[in-house]
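Asks: Below are the structure tokens for one structure; questions will follow.
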């Protein structure tokens, strides 16, 4: 069975190689090859999953050693895959949602002449993501980590002819690189502390290391997670990443890749557990992002950017949960999986809307679409209900647990974190209702574009609706399946560990409070967008709204401080290099030239002059000889 | 009188000759000064010969004379052809190496 | 006596150079094929060396030793350790690609003139450089090394000055001026370095009485050759200066952007991927072995210089407007990493540095050669003159992207392994330096992606609209390099296996041990 | 010979007297070789010095060299010098003003320094031992020299021969002017002159004035202007034409001035009174 693990990665990798190197010959069948190979990976994943289910909880970790990667004195990195409950969960999520989105893309990208390459990139992404979750050491994880970054870069910038897409892709990669820097420093710290960076030895010897070092490692891991999972302060790339095709946003920037940070934190749980200070920082980052993303999501008129804000916020929940330690790990992952379903569904729905609306993304130009695209409306609606935590749907089970866990942290921290999570739930209800109302309800607000083409909203083809329906099912039932009877908890507990916190408030109170804020959020949204018509042009809005539209000015800060500052720095350095460093050398050369110009005058061409020098030289030689004799 | 005085005389003549080479511009005079230097050397050789009691010094002086003769022949030929082309016997005029 | 394999490996390209130069003016194509054939034959010999080399065997293998200048104890001594073998293989590997990439770079503008034979000259000079570089890697006699270390400058000077890139924003005349400026600058910088090294070489002879690396190192190790502290330091500085110029290390780097910018792309690759490696290689082989104490003494300063190189080179690369100069500054940054790895004095650092030399050679070759193909199509080196190339020439753009990704050390591609090893090796001993150096990887992403974005993406500029995609010859150059980048990124073991024993030796030369991890049990 | 004897070695009083007198002459000769403005004078001074040296050779027991010095050096080489001086121009006197900045001072400084060094060197050398040539010259000086030259130094001697021959050939090559075409006959030359319409009659004779009847004075044409054609080409090329056109006027003016000085008039125009004898130089 172990030997199948490599196949999980190999199938999409093969797809990527074949599709990217295959050339035009494969244009006709490329998308089916890609879909087939990603589905193959899913099937292998299911086979392995059933295998794992058939084993005892203690024997559910499979290892496959492939080859020794970097063997250097005192430094050993292997290509070894590790399949345990945690990675299995991810494998299924990635390959499952991934395959659905492949299928969806067949329809969505139908008119794109570079569809083959798109599928190649998607397969590349799957392979990298699988390496990320299957890696048995941090260095191999790093390969997947950067690999998904690359795939994300390629896919965000898929429509490269649009400068905005190219810029967004570059920005995503760069911000991620800052996070990667954290990961590499974390690995280096691990190496100096433990002499290795394989999961097993590192995580089992955490107790022997000093807390200072562990805090350092943990904070660096958090930095990495912030980059990949778009957490404050490295969140700025996610909104721009929506420049990519919508399936990409669904798969990479909602369901899978952006959750890699949560995976990293949960995977390194042992380290975080031993570094309470770092954990506190994790929860703060999670809470801040949760609110940040939610606020941004409220202000965006671009449907995908609103969803991106939501993604940020939801991942904030997960990070918050992960920061709570063993109380929250399981719920972080659970929310991650359910979020994978409903957010992918929402994005695919958004893609379907755009598909029918000539790629219009401004929600103020939608309205009343429920009549035109019923399937999309229903699936999107189910996703909506799931994300706001409507009782009985997926989000309810997972998010509720996280809020509970936040309170269970105890003390003032618990109240603050729990309060933030509750507030986030209210805002989530608000902005998601807003999206729902602006898109599917109310009067139609679209107009002919400058070429006179009026959009003709229509339902999307079967290849697109089927994945949406499947995901909608996931959005509705996943939470129940996982949550009822604590199935998910029992499945993951051997890996992450679990402990019940001592919550100052009962679970029922939390649930009730959640329901109340939910209703409040929906109500405010309905009052604002449901009762009266939505203006087609955005009103100026309050200061907060305007700031939120600009991603709470974080981008402006980046622009002024990092981009402008960087430009000035590089420009002045170029100047310094040219005038100072090179100037010293050129100055030396020039002074040499001047000196020789002066010395050249001694060479006046008169033989007698030379004779004097000769004679003088002879005299000096004689003198020297005599002196040597005398001495 | 100590015969070393011949050597002092030789040194004096040599120095005068060398200075002459340096300060005169007429190629012929320069040549004469060179001859003077050679003769000064010859005097030293002859004196050394006497000092050491063998004739080797004189032989060297003899060779010097022969070489001087050859040198004068070629040198004067050069001066003559130089004069033909430049209408001057000044060594300063032959300064093509000048900037 | 066995077959002198090392001599043959160096002599073959040398003879090839002579033969290529002798090809009549009209038979240009024959000269090209001859040069390619010779370089391939050299590659074959290089592979034989690689195979015959036994990583577990003696330190120096395939040795040859003949008296040369007996009066000064100069011997013709050759021998290779793992590091040298890896670099010889790299050199032999890259030259055929350089020749193939420069296939049309030296075609004469007018064919009538029988005495005008630039093509023959170009390829002969490349082969001459190859011969000298290889023998520099092989020489275990300091004097022998010095001679070829310096002699390399002559063909390089002509290659830079004589066969420049005419794609200059201010026209041909400005290009010619810039070119001769660059060539002279290259020559003078390296000559100054070489001169100082010569003084140190002579000093070494005065102190040690011979030039044999092995003998001196052994005598130093067993204490029979004692050097006064100051003497050792001065000699070390003399050697190091020359290598730092060649490498090039900040602030001695300014010749590289000029040289790489003005030379044709294949020659630029020759400079940075092959010739400069002699500098870093020599730091490992000569500085550390001959002057271990002085090396340790100078380490802090050198590490700081390397760190400055990394960050400074990367920042300047961001600020460049010219594709080739950008790659040059990127190389400066990378050489900073190599030097950092060497002087971190840890196994990981030095293995990483050696691996880095190989990988940097391949990755820069890939990036620079594709950049050269790009430039030859548009006739401009300015980044601003491009845009949207991806749309018209996807294969070119794809290979360019892979080259860029290799330059930014993407995991899975070869440079990542080496860069990470260097960083880890540095970090274990000097955490602060390791962390600052890590900023280099962010900056690397910045400059490569900005380059890619500005040239390849965005709306198609009218000037590039008719740009043809990679031709078969060009693809033949790039594809193997990319395959190699991926292969060595995934499976660098063949190289590390060869390098590790040599690094172990060097570590014992400087009497340094790797720092122990604080939690040993985890291993 | 014992050291005591060697230390006491001294020459006869006669030789000492001869040395001091003739040595002074030699130094004066050398100095005037350097300092005389005319090359002829230099040459003659040098000849004098050489003869003195010949005497010294004789006094030092180098009889053969002494004779050779007189015969070859003074007789042949110096005559060769004089010959070339004549060829180049006897009358030409060099200006002794220095044209190269600092050259003279440097030369004197170097000369002085070198001289001091030589003197110091000789003074410091242990030159007390003099063997004399009594034994060496026992079989006669010429025989002794011949023995050495034809045995020990025979190879050098042969090479000297080769050197002399080479020098002779070299001198010929240097001074010989290759004729690249057949020389024109007199007839052809006259035809050419007629064709070019120049100087059909013989060239005019040099000028004849009351005070100058030399070949280097230009003759006057019928209109009174001097003509360069009247002076031979060699003199023209050397620039040795004497300009006497304004001499008579100058003389007249000088006469007038003297007359005015006597009459105690003061207006003097010195500039115009200069004789322009060497104006052409």
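Protein chains in written order, with my numbering: chain A, 1 to 631; chain B, 632 to 730; chain C, 731 to 1253; chain D, 1254 to 1534.
All C-beta atoms in this analysis are idealised placements derived from N, C-alpha and C, irrespective of residue type, glycine included.
On a predicted model such as this, the values are computed, not experimentally measured, just so you know.
1) Please tell me whether residue 619 of chain A has its Cβ less than 8 Å away from any Cβ of chain D.
2) Going by CA-CA distance only, name the one from A:495, A:37, A:625, A:276 that's closest to residue 200 of chain A.
3) Return the residue from the list A:553, A:609, A:106 that minimises the CA-CA distance to residue 351 of chain A.
4) Report the option in C:757, C:808, C:759 whose CA atom is closest to the CA atom of residue 735 of chain C.
5) Please state whether the Cβ-Cβ distance between residue 119 of chain A and residue 45 of chain A is less than 8 Å.
6) Give me, in chain order, the residues of the same chain whose beta-carbon lies closer than 8 Å to that of residue 465 of chain A; leave out the 5 immediate sequence neighbours on both sides.
7) Can you say whether residue 1414 of chain D is buried or exposed, counting buried as having 16 or more other CB atoms within 10 angstroms of its CB?
8) Would residue 1309 of chain D count as contacting chain B if we go by Cβ distances under 8 Å?
9) Please go through the same chain and pick out, in chain order, the residues whose beta-carbon is closer than 6 Å to the beta-carbon of residue 855 of chain C, but skip the five residues on each side of it.
10) For chain B, check one thing: does any of its Cβ atoms lie closer than 8 Å to the Cβ of residue 1377 of chain D?
11) Would you mind giving the Cβ-Cβ distance between residue 178 of chain A and residue 1172 of chain C, rounded to the nearest angstrom? I have them listed as a contact below 8 Å.
12) Taking 8 Å as the CB-CB cut-off, is residue 1153 of chain C touching chain A?
13) Please confirm if the segment 1281-1299 of chain D is in contact with the segment 643-658 of chain B, defined as three or more CB-CB distances below 8 Å between the two stretches.
14) In its own chain, which residues sit with a C-beta less than 6 Å from the C-beta of residue 1463 of chain D, not counting the 5 before and 5 after it?
15) In the DSSP assignment, find the unbroken beta strand (DSSP E) run with residue 862 of chain C in it and report its ends.
16) What's the C-alpha gap between residue 150 of chain A and residue 746 of chain C?
17) Any idea which residues DSSP pairs residue 1112 of chain C with across the strands?
18) For the segment 53-70 of chain A, enumerate the residues whose C-beta is nearer than 8 Å to any C-beta of chain C, in chain order.
19) Just to confirm the assignment, what range does the beta strand (DSSP E) spanning residue 799 of chain C have?
20) Would you report the Cα separation of residue 893 of chain C and residue 628 of chain A, rounded to the nearest angstrom?
21) Could you check which residue in C:821, C:852, C:827, C:776 has the C-alpha nearest to that of residue 836 of chain C?
22) Counting only C-beta atoms, is residue 606 of chain A closer than 8 Å to chain D at any point?
23) Applying a beta-carbon distance threshold of less than 9 Å, which residues of chain A neighbour residue 1067 of chain C?
24) Report the neighbours of residue 1142 of chain C on chain A: residues whose CB is nearer than 8 Å to its CB, in chain order.
25) Which bits of chain A does residue 783 of chain C rub up against, with CB to CB less than 7 Å?
26) Less than 7 Å between C-beta atoms, sequence neighbours within five positions excluded: which residues of the same chain meet that for residue 285 of chain A?
27) Quick one: which chain A residues come within Cβ less than 9 Å of residue 1356 of chain D?
28) Runs of 4 residues minimum, wholly inside the segment 200-251 of chain A: which ones carry the alpha helix (DSSP H) assignment?
29) On a Cα-Cα basis, can you pick out the residue from A:258, A:306, A:358 that is closest to residue 148 of chain A?
30) Using beta carbons (cut-off 8 Å, strictly below), is residue 1370 of chain D in contact with chain A?
31) Heavy atom of the ligand SAM less than 7 Å from the Cβ of residue 923 of chain C, yes or no?
32) Report, in whole angstroms, the separation of the C-beta atoms of residue 1502 of chain D and residue 1494 of chain D, which I expect to be a contact under 8 Å.
33) How would you write the range of the beta strand (DSSP E) that residue 77 of chain A sits in, first residue to last?
34) Should residue 909 of chain C and residue 891 of chain C be called a contact, given that it needs their Cβ atoms to be closer than 8 Å?
35) Can you give me, in chain order, the residues of the segment 1472-1497 of chain D that have a beta carbon less than 7 Å from any beta carbon in chain A?
36) Three or more C-beta pairs closer than 8 Å, one from the segment 449-457 of chain A and one from the segment 302-319 of chain A: is that the case here?
Replies: Working from what's here:
1) For the purposes of this step, residue 619 of chain A is identified with residue 619 of the first chain, where counting begins at 1. Yes, because at least one Cβ of chain D sits closer than 8 Å to the Cβ of residue 619 of chain A.
2) Within the first chain, the letter at position 200 stands for residue 200 of chain A. Nearest option by C-alpha distance: A:495.
3) Taking the first residue of the first chain as position 1, residue 351 of chain A is located at position 351. Cα-wise, what sits closest to residue 351 of chain A is A:106.
4) As a first step, residue 735 of chain C is located in the third chain; it is residue number 5 there, counting from the start. Checked all of C:757, C:808, C:759; the closest Cα to residue 735 of chain C is C:808.
5) For the purposes of this step, residue 119 of chain A is identified with residue 119 of the first chain, where counting begins at 1. For the purposes of this step, residue 45 of chain A is identified with residue 45 of the first chain, where counting begins at 1. In this structure, residue 45 of chain A does not lie closer than 8 Å to residue 119 of chain A by Cβ.
6) In the first chain, residue 465 of chain A corresponds to position 465, counting from 1. Closer than 8 Å at the Cβ level, and outside the excluded window around residue 465 of chain A, lie 352, 375, 376, 379, 459.
7) In the fourth chain, residue 1414 of chain D corresponds to position 161, counting from 1. Exposed, because fewer than 16 other Cβ atoms sit within 10 Å of the Cβ of residue 1414 of chain D.
8) Indexing the fourth chain from 1 puts residue 1309 of chain D at position 56. Interface residue, yes.
9) As a working mapping, residue 855 of chain C is identified with position 125 in the third chain. Contacts found: 885, 888, 889.
10) For this step, residue 1377 of chain D is matched to residue 124 along the fourth chain. Not a single CB atom of chain B sits nearer than 8 Å to the CB of residue 1377 of chain D.
11) Position 178 of the first chain, counted from the first residue, corresponds to residue 178 of chain A. Position 442 of the third chain, counted from the first residue, corresponds to residue 1172 of chain C. Right, their Cβ atoms sit about 6 Å apart.
12) Stepping through the third chain from its first residue, residue 1153 of chain C is reached at position 423. Chain A, which has a Cβ nearer than 8 Å to the Cβ of residue 1153 of chain C, makes this yes.
13) yes
14) In the fourth chain, counting from the first residue as 1, residue 1463 of chain D sits at position 210. Any reading at residue 1463 of chain D must be qualified, since the residue scores a pLDDT of 48, below 50, and its modelled position is unreliable; the value itself is stated next. Correct list: empty, nothing qualifies.
15) Along the third chain, one-based indexing puts residue 862 of chain C at 132. That residue, residue 862 of chain C, is in no beta strand (DSSP E); its alpha helix (DSSP H) goes 848-868.
16) The residue given as residue 150 of chain A occupies position 150 in the first chain. The residue given as residue 746 of chain C occupies position 16 in the third chain. In a straight line, the C-alpha of residue 150 of chain A is about 43 Å away from that of residue 746 of chain C.
17) Taking the first residue of the third chain as 1, we reach residue 1112 of chain C at position 382. In DSSP, residue 1112 of chain C forms a bridge with C:1052.
18) 67, 68, 69, 70
19) Within the third chain, numbered from 1, the residue matching residue 799 of chain C stands at position 69. Element bounds for residue 799 of chain C: 791-799.
20) As a first step, residue 893 of chain C must be located in the third chain, where it is residue number 163. As a first step, residue 628 of chain A must be located in the first chain, where it is residue number 628. Between residue 893 of chain C and residue 628 of chain A, the C-alpha separation is close to 54 Å.
21) Position 106 of the third chain, counting from 1, holds the residue named residue 836 of chain C. Here the closest residue by C-alpha is C:852.
22) Within the first chain, numbered from 1, the residue matching residue 606 of chain A stands at position 606. Taking Cβ atoms only, chain D reaches closer than 8 Å to residue 606 of chain A, which makes this a yes.
23) Taking the first residue of the third chain as 1, we reach residue 1067 of chain C at position 337. None at all; the shortest Cβ gap to chain A is about 13 Å.
24) In the third chain, the residue the question calls residue 1142 of chain C occupies position 412. The answer, in chain order, is 143, 146, 147.
25) Counted from its first residue, the third chain places residue 783 of chain C at position 53. Near residue 783 of chain C there are no residues of chain A at all, since even the closest Cβ is about 18 Å away, more than 7 Å.
26) As a working note, residue 285 of chain A is residue 285 in the first chain. Within its own chain, the residues whose Cβ lies closer than 7 Å to the Cβ of residue 285 of chain A, once the five positions on either side in sequence are excluded, are 222, 226, 231, 232, 319, listed in chain order.
27) To locate residue 1356 of chain D, count along the fourth chain from 1; it is residue 103. The contacting residues are 606, 608, 609, 612.
28) 211-229, 236-240, 246-250
29) Locating residue 148 of chain A in the first chain gives position 148, counting from the first residue. Residue 148 of chain A has its Cα closest to that of A:258, out of A:258, A:306, A:358.
30) Here residue 1370 of chain D is taken as the residue at index 117 of the fourth chain, counted from 1. Chain A, which has a Cβ nearer than 8 Å to the Cβ of residue 1370 of chain D, makes this yes.
31) Absence of the ligand SAM from the depicted structure is noted, as is the absence of any ligand whatsoever, leaving it without description.
32) Residue 1502 of chain D sits at position 249 when you count from the first residue of the fourth chain. Residue 1494 of chain D sits at position 241 when you count from the first residue of the fourth chain. Their Cβ separation, rounded to whole angstroms, is 18 Å, which puts residue 1502 of chain D and residue 1494 of chain D out of contact at 8 Å.
33) Residue numbering aside, residue 77 of chain A sits at position 77 when the first chain is read from its first letter. Counting along the chain, the beta strand (DSSP E) containing residue 77 of chain A begins and ends at 75-83.
34) Start at 1 with the first residue of the third chain, and residue 909 of chain C comes out as number 179. Start at 1 with the first residue of the third chain, and residue 891 of chain C comes out as number 161. Yes, the pair counts as a contact, with Cβ atoms nearer than the cut-off.
35) none
36) Result no; under three Cβ-Cβ pairs closer than 8 Å.
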